[in-house]
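A quick write-up on the structure given underneath.
There are 2 protein chains.
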Amino acid sequence: MTGLRVAIADDHAVVRTGYRRLLELEPNVSVVAEFADCETAYTWLSANHADILILDLSMPGRGGLETLRRLKARVPTLKVLVFSMHGAPAMVSQAMQAGADGYLTKSSAPEALIAAVLDLGAGGQPLSEEAVRALGEAGNDSQAPHQVLSLREFQVFTMLAQGLAVDEIAARLCVSAKTVANYQTAIRQKTGLSNALEMFRYARTHALLE
Amino acid sequence: MTGLRVAIADDHAVVRTGYRRLLELEPNVSVVAEFADCETAYTWLSANHADILILDLSMPGRGGLETLRRLKARVPTLKVLVFSMHGAPAMVSQAMQAGADGYLTKSSAPEALIAAVLDLGAGGQPLSEEAVRALGEAGNDSQAPHQVLSLREFQVFTMLAQGLAVDEIAARLCVSAKTVANYQTAIRQKTGLSNALEMFRYARTHALLE
DNA sequence: TCTTCCATAGGAAAAATTCCCGACTTTTAT
DNA sequence: ATAAAAGTCGGGAATTTTTCCTATGGAAGA
Chain P
1 MTGLRVAIAD DHAVVRTGYR RLLELEPNVS VVAEFADCET AYTWLSANHA
51 DILILDLSMP GRGGLETLRR LKARVPTLKV LVFSMHGAPA MVSQAMQAGA
101 DGYLTKSSAP EALIAAVLDL GAGGQPLSEE AVRALGEAGN DSQAPHQVLS
151 LREFQVFTML AQGLAVDEIA ARLCVSAKTV ANYQTAIRQK TGLSNALEMF
201 RYARTHALLE
Chain R
211 MTGLRVAIAD DHAVVRTGYR RLLELEPNVS VVAEFADCET AYTWLSANHA
261 DILILDLSMP GRGGLETLRR LKARVPTLKV LVFSMHGAPA MVSQAMQAGA
311 DGYLTKSSAP EALIAAVLDL GAGGQPLSEE AVRALGEAGN DSQAPHQVLS
361 LREFQVFTML AQGLAVDEIA ARLCVSAKTV ANYQTAIRQK TGLSNALEMF
411 RYARTHALLE
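Residue numbers (our numbering), protein chains in the order written: chain P, 1 to 210; chain R, 211 to 420.
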């Protein structure tokens with residue numbers, strides 16, 4: 001049996017080297033390439049063969065997710081293991097939708113990385129516990145703002161998410177500040193987003209702004 | 211010659227293992243401890259001897275900076291090498307002021323880590339190029355939060371910028387909510403950032419967060 | 001030593017938020 | 001068609017958060 005050909009994409013050289021050493025302890029695995037940015041990874045993988053790509057989503061070069069999507073479109077047989085700093089539900093589900101074959105958070109044990117690579121090689125879909133939990137949460141996400149909020153509430157929501165103050169919103173909508181304050185309260189209750197920053201993050205990851 | 215006793219604090223197990231393997235290639239270096247959080251690191255290092263601590267500032271338990279400061283106060287002979295994801299000017303100058311003996315970014319070459327550890331052992335002050343540049347820049351940016359805010363204020367600032375509520379911050383820092391509220395007011399006045407979302411945006415564009 | 005800055009926090013006043021409510025309009029279901 | 005439900009708008013009172021002022025003790029510096 002020939003070994004698994006693994007490529008590593010992570011912008012931190014030390015981290016890449018760490019992975020490489022870890023993986024090379026495994027006889028059936030060989031690391032055939034390392035990339036420090038998305039473009040290089042895309043170019044090389046389009047032209048050369050690898051079985052598995054370990055991909056850090058928080059990479060420079062604008063859009064680890066976008067690269068993942070393009071890569072899966074170009075080289076469908078390539079298995080991609082996303083290895084990310086954070087296990088935020090939105091991030092996990094975004095990554096899986098973009099075509100990831102597995103998702104591990106960096107807080108996983110070192111052995112988990114090896115196990116995940118072997119699992120992927122065998123056709124599995126390795127997910128860390130955090131990732132599974134995140135996907136679960138993302139699933140019952142039928143509580144989206146568009147659903148629970150009324151038109152006016154949603155309008156106020158997007159403004160709050162942009163960082164506008166209650167008074168400013170009231171001025172723009174030509175209603176009393178009191179009314180906007182009341183909407184704000186309703187929005188917080190219905191969505192569970194308790195401040196403007198949470199709203200901003202929610203809105204951004206769900207592409208509700210602009 | 212006895213080897214350098216090195217401890218590693220980083221919340222990502224895989225990353226820790228990577229460093230360890232890297233460092234253990236060096237005959238004069240031995241890794242004597244690993245920590246996944248600040249408290250554990252502080253406790254162990256107060257009671258046991260190590261020459262060098264490699265510290266990732268972006269650790270949970272909030273306040274890698276605070277831990278660094280406490281640690282240097284408690285164990286002044288310990289050399290601390292800060293090894294951070296980002297070389298933002300603010301972060302570098304804060305870290306150095308808090309007592310760091312060296313600063314490397316994770317984008318450094320693997321050899322740089324080894325070199326930095328040896329340099330530290332020999333009494334040097336290893337700084338990555340990015341860090342040097344950052345220290346330079348930190349000087350001329352006199353209006354920046356990092357300049358006008360005290361250590362404690364800056365700490366609260368980063369938490370506010372992450373969307374934490376006043377009460378949560380108070381709980382984490384073990385101080386009265388009143389105190390945090392007062393800091394918040396001071397921060398808003400000094401920086402002109404009037405709400406958490408503005409702080410977030412500022413912090414993001416200046417790469418002050420993890 | 002004396003001064004200044006920082007961390008901490010209490011009290012009072014001001015501002016923002018929440019909760020409850022009512023009036024009126026539009027949509028929906030029977 | 002008519003009743004019920006839901007949405008828009010805001011007032012008033014209670015509550016919470018924020019601001020402003022003050023004070024104490026510690027640490028750093030002149």
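Don't be surprised by glycine CBs; every beta carbon is placed ideally from N, CA and C.
Quick caveat: nothing in here was measured; it's all calculated off a predicted structure.
The C-beta of T401 of chain R comes no closer than 7 Å to any C-beta of chain P. The C-beta separation of L265 of chain R from V292 of chain R comes to about 5 Å, placing the pair in contact by the 8 Å criterion. A Cβ of chain R is located within less than 7 Å of the beta carbon of G163 of chain P. Contact between H49 of chain P and K316 of chain R does not hold, since the beta-carbon distance rounds to 29 Å and is not under 8 Å. Here Q365 of chain R is buried: its Cβ has 16 or more other Cβ atoms, across all protein chains shown, within 10 Å. Each residue's CA atom was taken as its position, placing N28 of chain P and G123 of chain P some 15 Å apart.
The beta carbon of T17 of chain P falls within 7 Å of a beta carbon belonging to chain R, placing the residue at that interface. With a threshold of 7 Å between beta carbons, L323 of chain R makes contact with chain P. With fewer than 16 other beta carbons inside 10 angstroms of its own, S360 of chain R counts as exposed. For R231 of chain R, a Cβ of chain P is located within less than 7 Å of the residue's own Cβ. Here the alpha carbon of D119 of chain P sits roughly 23 Å from the alpha carbon of Y42 of chain P.
Nearest Cα to G163 of chain P within the set R:M369, R:M409, R:E363, R:I218: R:M409. The way I'd put it, the region 6-23 of chain P does touch the region 220-236 of chain R; three or more beta-carbon pairs between them come closer than 8 Å.
In the displayed model, K190 of chain P falls within a helix according to three-state DSSP. Within chain P, the residues G163, A196, L197, F200 have their CB atoms less than 7 Å from the CB of L407 of chain R, given in chain order. Residues of chain P with a Cβ closer than 7 Å to the Cβ of D247 of chain R do not exist; the shortest Cβ-Cβ separation is about 11 Å.
Listed in chain order, the beta strand (DSSP E) elements of length 3 or more contained wholly in the region 215-250 of chain R are 239-245. For V292 of chain R, the uninterrupted beta strand (DSSP E) segment begins and ends at 289-294.
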